[in-house]
Amino acid sequence: MTAEHLRKAAQGESRSIEHICLELWEPLYGFIYYRVQNREEAEDITQDTFVRTLTYCQRHNTQPDNIQAFMKMVALNIIRDGWRQKQRQGKLISFEEAKPLETVAADEQKTIAERMQIENALTQLKPDQKAVLDLRILKGYSVAETAKMLGKSAAAVRVTQYRALQALAQMLDEHD
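Here the sequence shown is numbered in my numbering, starting from 12 and rising by one per residue.
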């Protein structure tokens, strides 16, 4: 793509805009889709990126040296703005509606009940499964370290961990 196409596109020439879109749409869309993982949102952000880039070039009467890199930065800024906006959205409720003491008590009771279910399920696992989960998940050892401590191969540790987690999940599903 030439700087001439970008200059003409910034001036509103439709053929140059079309040329830029045809050349840059697919890689830019892929870049955006990878980050947002939503087709409609990626399409909207890609379109908005083109509009903002051309508006910027027209307003400032300039062309970036690397238009692809410039457009990726514009897209990232749009994505970040969207994330910030989603984080800020919340429902306002009055203090009386929230009933914080009841909410905390209910949450604590739920947490205690869940913890008891997990502890009960852990007692039902085979001893080697308990040992692997204890070392790998609770104490944070690597597969190699766990294998060395238990005198097993790394593959055996991975299989034991997988089977233990499957058994644990099944036991917890039965309680629900």
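Yeah, the Cβ is synthetic: ideal placement off N, Cα and C, and Gly gets one too.
In this text, all values refer to a predicted model and were calculated from it rather than measured experimentally.
Check	Outcome
Reduced DSSP category for Y152 - H, G, I as helix; E, B as strand; rest coil	coil
Beta-carbon proximity of I129 to L179, cut-off 9 Å	yes
Whole-angstrom distance between Q96 and Q79, CA atom to CA atom	26 Å
Exposed unless 16 or more other CB atoms sit within 10 angstroms - verdict on V143	buried
C-beta atoms of I56 and A86 nearer than 9 Å	yes
I90 beta carbon less than 9 Å from that of F61	no
Assigned secondary structure, E24 (DSSP; H/G/I helix, E/B strand, else coil)	coil
Distance between beta carbons of R174 and Q140, contact taken as under 8 Å	7 Å
Minimum C-alpha distance to A132 - residue among L176, E34, R26, H16	L176
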